[in-house]
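Our numbering numbers the first residue of the sequence shown as 8 and each following residue consecutively. Shown next, in C-alpha cells, is the structure this report addresses.
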Amino acid sequence: MIEQFDAPRHYVFLLIPGFSMLGFTCALEALSLANRHPSGKQYYDWTLLSANGRPAQAWNGVTVEVDGGLEELHREDTLVVCAGENAVEGSTKEVLAWLRRETRKGMKFGALSSGTYTLALAGLIAGKRVTTHWEYADALTEALPQVSMQETIYSLDGRVFSCAGGASSMDLMLHLIEEDYGLKLVEWVAEQMVYTAPRDRNSAQRLTLPSRLARGNRKVLQAIELMRAAIEEPRKLSDVAREVGVSTRQLERLFQTVLNTSPSRYYIMTRLERARHLLRQTDMTVTEISVLCGFASPTHFSRAYRKIYNLPPSKEPSAGGTLNRLPD
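In C-alpha cells:
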C-alpha cells in the first residue's frame, strides 16, 4: 500500500543560472508523475525559485519561469539546489546567506549535479558524504577535503542528499519518493517513466572498466587502482607491477592487450585528466596543479599538457568559477 498523508509534500527548487536542464527535468518529472497515480491524490507540489525572482536560464539556453525569489521556507519543505557549469559564479553572497538561514530550520535539503558546489560554498556539507558530477569531483575535493566525496550516482547523509545530475536525478527522486510514500508508488512512477531498472545509490557514475574493456583483466584493474590512488606522488611502474604480481614487461603487455596503450601513457593521461578538471573548475595556479598531479615542475607539466591537448595549461578555458572562496 501507498503510505497515507495529510497534505502534499512540498519541494523547493532553487535554479542557479546555467543549471542542468536534464537533471532538473528528471527530478521534477518524477514528482509530476507521482501526481498522476490512479489514486487521484496529489502527492507533491513544488515551487521554483531563482536568486532574483526572474526567469532562470539553463546551460543549454532554455529559460524557465519561476515562482519567486529567495523567499522564506518552512521546516517541512524539501530544498533542492540545481546548478551546472556556472555554479560558483551563481552562488552569490545573497544566495549563500539565504541557504544558511533557511536550512537552519531543519528541513531536508540537497543538490543536483554541481549544486553540491553551492552547498559547499555555503558551508553546509563539511563532514558529509556527498556526490557531484564526476567532472567537478576533483575540484571540490581539493577545495573541501573534509567532505567525503562519493563516486556513486547519489548520496544520502542525514538530511542531506546529492546526486551527479543528469539521469541520476531520477534515481535519487525515486529513492526520496519511496521514503515518502513507499515502494508501490515508486514502481508506478518508474513504469510511467519507462525506467524499468532504477539504480541504487551504490551504482557508479561512469561505466566500469570491465564494461568498457569487454572481459576486463584483474591485473590491469589492480594496476589502475594503484595509479589512481597515487596521483600527487606517482609510483614507479616497477613497484606497481610488483604489487599486482607481475613483471614490468608483463604489465606492459597486459596494458597493450587490454587497453591498447602502455601503462606509462595511461598513468600520465590519468594525471593530465585530473589536471584539466582542476584547471577548468578552480583558480589554482599552474604550479599548484602541477604539484597536485605529480609533475616534477610546471615546465614538465606544461610540456606534457600541450602535447596531449594542443594548448598550454595557462590557456585552458575556465568553466566559470572557483571553489577557493569557500567559507572558513
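We treat Cβ as the ideally placed atom computed from N, Cα and C, and that holds for glycine. Here the structure is a predicted model, which means the values were calculated and not measured.
* Return the chain-ordered list of same chain residues with a C-beta closer than 6 Å to the C-beta of PRO270, the five sequence neighbours on each side being excluded. => Cβ neighbours of PRO270 within its own chain (closer than 6 Å, five residues either side excluded): LEU244, LEU258 and PHE262.
* Member of VAL227, TRP66, ALA37 and TYR18 whose CA lies at the smallest distance from the CA of LEU179 -> The option with the nearest alpha carbon to LEU179 is ALA37.
* Write down the C-beta distance between ALA58 and LEU77 rounded to the nearest angstrom, noting that I regard them as a contact closer than 8 Å. => Cβ atoms of ALA58 and LEU77 come within 8 Å of each other, at about 6 Å.
* To do: Compare the Cα-Cα distances from THR138 to each of GLU186, ILE184 and SER175 and report the closest residue.
  => Closest by alpha carbon: SER175.
* Reducing DSSP to helix, strand and coil, say where GLY97 ends up. => Note: GLY97 maps to helix in three-state DSSP.
* Asked: Of all the options LYS191, LEU86, GLN64 and ALA127, which has the alpha carbon lying nearest to the alpha carbon of LYS112?
  -> Check the Cα spacing between LYS112 and each of LYS191, LEU86, GLN64 and ALA127: the tightest is with LEU86.
* To do: Starting from ASP290, follow the beta strand (DSSP E) in both directions and report where the run begins and ends.
  => Judged by DSSP secondary structure, ASP290 falls outside any beta strand (DSSP E); it is assigned neither H nor E.
* To do: Taking 8 Å as the cut-off, decide whether the C-beta atoms of VAL102 and LEU126 are in contact.
  => No.
* Asked: Shortest alpha-carbon distance to GLU149 belongs to which of LYS322, TRP53 and LEU285?
  -> The closest CA to that of GLU149, considering only LYS322, TRP53 and LEU285, is found on LEU285.
* Evaluate ALA94 with the Cβ neighbour count: other Cβ atoms within 10 Å of its Cβ, from every protein chain shown; 16 or more gives buried, anything less gives exposed. => Within 10 angstroms of the beta-carbon of ALA94 lie 16 or more other beta-carbons, which makes it buried.
* If VAL293 sits next to SER309, beta carbons under 8 Å apart, how far is it from one beta carbon to the other, in whole angstroms? -> Taking 8 Å as the upper bound for CB-CB distance, VAL293 and SER309 are in contact here, some 7 Å apart.
* Along the chain, where does the alpha helix (DSSP H) that runs through ARG310 open and close? -> ARG310 -> alpha helix (DSSP H) spans 305 to 316.
* According to DSSP, which residues form a beta bridge with ALA146? -> According to DSSP, ALA146 bridges with nothing at all.
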